[in-house]
Amino acid sequence: MMSDAERRRLSDIELRLREDDPAFARRLTGPAPSRRRWQDVVALLWLLAGAAAACIAGLSGNAGIVVAALGAFAVSAVLWLTG
Numbered sequence: 364m365m366s367d368a369e370r371r372r373l374s375d376i377e378l379r380l381r382e383d384d385p386a387f388a389r390r391l392t393g394p395a396p397s398r399r400r401w402q403d404v405v406a407l408l409w410l411l412a413g414a415a416a417a418c419i420a421g422l423s424g425n426a427g428i429v430v431a432a433l434g435a436f437a438v439s440a441v442l443w444l445t446g
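Taking the working numbering, the leading residue of the sequence shown gets 364, the next gets one more, and so forth.
Okay, structure coming up:
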């Protein structure tokens with residue numbers, strides 16, 4: 364817990380920051396990005412790999428490829444949801 368003096372000092376620092384560099388202050392107080400771009404790309408690549416494996420599994424009837432496709436879909440979903 365901050366004391367009253369610390370709160371006043373912090374408010375003074377924030378005020379001076381907004382006056383000195385408003386663009387920087389806006390970036391600090393703006394909404395944070397929900398996920399990084401590279402995570403979206405990796406999740407999409409895993410999703411495409413899973414779709415390709417599912418198509419191959421459908422054509423060949425191989426159970427091992429079905430498991431690989433499900434694994435790729437699971438990795439894609441985890442990357443997407445945790446990003």
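Using N, Cα and C, we set each Cβ at its ideal position, and we do this for glycine too. Quick caveat: nothing in here was measured; it's all calculated off a predicted structure.
Length of the line joining the Cα atoms of residue i and residue j
| i | j | result |
| --- | --- | --- |
| F387 | R381 | 8 Å |
| A416 | I428 | 6 Å |
| V441 | W409 | 10 Å |
| A437 | P394 | 29 Å |
Proximal residues to residue i (C-beta, below 8 Å), its chain only, five neighbours per side dropped
| i | result |
| --- | --- |
| N425 | I419 |
Residue span of the alpha helix (DSSP H) that contains residue i, given as start and end
| i | result |
| --- | --- |
| D384 | Taken as a continuous stretch (DSSP letters only), D384 belongs to no alpha helix (DSSP H), as it is neither H nor E. |
| G421 | 400-423 |
| G393 | Unbroken run through G393: none, as it is neither H nor E. |
Beta-carbon contacts of residue i that lie in its chain and below 6 Å, excluding the five residues immediately before and after
| i | result |
| --- | --- |
| E377 | none |
Nonlocal neighbours in the same chain, by C-beta distance under 7 Å from residue i, ignoring five residues either side
| i | result |
| --- | --- |
| V405 | L442 |
| G413 | A432, A435, F436, S439 |
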